[in-house]
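Numbering (our numbering), first residue to last: 3 to 190.
Okay, here's the thing in structure tokens:
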């Protein structure tokens with residue numbers, strides 16, 4: 003097996019750990035699935051790409067999987083997509099357009115790459131939506147400050163209760179989006 007692998011890979015020297023394992027089992031542990039769900043929910047595309055790289059390394063470099071086993075992995079990844087939509091719990095995200103339908107006539111890796119791109123596209127969509135919501139919240143906060151500037155009670159505590167946020171989150175959020183801390187903004 004090592005000789006065959008070395009010839010196919012164009013390597014002069016092959017270590018036994020370099021030879022992919024022939025396996026009937028794919029690698030997709032529950033913790034990887036949970037991390038994938040959280041990564042998409044947070045809109046972290048870079049983190050999702052890292053997770054897919056790990057799945058690819060474990061399944062396509064370290065193991066030699068049959069097309070049938072890879073298809074089972076694809077079905078499990080598709081089920082993960084459904085779990086992501088369930089966890090988003092938001093009517094604006096309909097899973098109908100996102101679930102990838104597989105055709106056994108397509109090469110299995112073509113379906114895999116199509117599914118991976120769908121995950122990445124969803125992650126980008128979630129990230130964009132979160133950014134839009136953050137901008138809207140920032141604008142609402144600035145409008146509130148402008149409308150209530152003369153109120154001597156205006157401060158971090160009042161703003162936090164007005165927007166249903168903790169003081170520490172509001173302070174961090176405000177600084178990230180405006181570049182100034184809350185008290186400096188009020189004083190200027």
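Every residue gets a Cβ at the ideal spot worked out from N, C-alpha and C, and that includes glycine. Predicted, not measured: the structure shown is a model, and the values here were computed from it.
Between the CA atoms of residue j and residue i - distance to the nearest angstrom
i, j, result
"residue 117", "residue 76", "8 Å"
"residue 164", "residue 139", "12 Å"
"residue 78", "residue 119", "16 Å"
"residue 180", "residue 189", "14 Å"
"residue 93", "residue 131", "Low confidence applies here, because residue 93 scores a pLDDT of 48, under 50, leaving its location unreliable and the question unanswered by this model."
"residue 134", "residue 30", "33 Å"
"residue 42", "residue 149", "37 Å"
"residue 158", "residue 137", "19 Å"
"residue 111", "residue 178", "41 Å"
"residue 126", "residue 57", "20 Å"
"residue 32", "residue 39", "11 Å"
"residue 44", "residue 103", "25 Å"
"residue 101", "residue 84", "8 Å"
"residue 90", "residue 37", "14 Å"
"residue 167", "residue 176", "11 Å"
"residue 153", "residue 128", "37 Å"
"residue 191", "residue 141", "Lying outside 3 to 190, the shown extent of the chain, residue 191 is not represented and no answer is given."
"residue 82", "residue 144", "39 Å"
"residue 28", "residue 62", "9 Å"
"residue 107", "residue 80", "18 Å"
Residue range of the alpha helix (DSSP H) that includes residue i
i, result
"residue 147", "110-149"
"residue 2", "In the structure displayed, the chain extends from 3 to 190; residue 2 sits before or after that span and is not available."
"residue 104", "Per DSSP, residue 104 belongs to no alpha helix (DSSP H) and is neither H nor E."
"residue 165", "From DSSP, residue 165 is part of no alpha helix (DSSP H); its letter is neither H nor E."
"residue 185", "184-189"
8 Å Cβ cutoff, residue i in contact with chain C
i, result
"residue 53", "The chain inventory of the structure shown lacks chain C, comprising one protein chain alone."
In chain order, which continuous runs of the beta strand (DSSP E) of length 3 or greater are located wholly inside the stretch 27-93?
65-67
Is it a yes or a no for the stretch 170-179 touching the stretch 148-162, going by three-plus beta-carbon pairs under 8 Å?
yes
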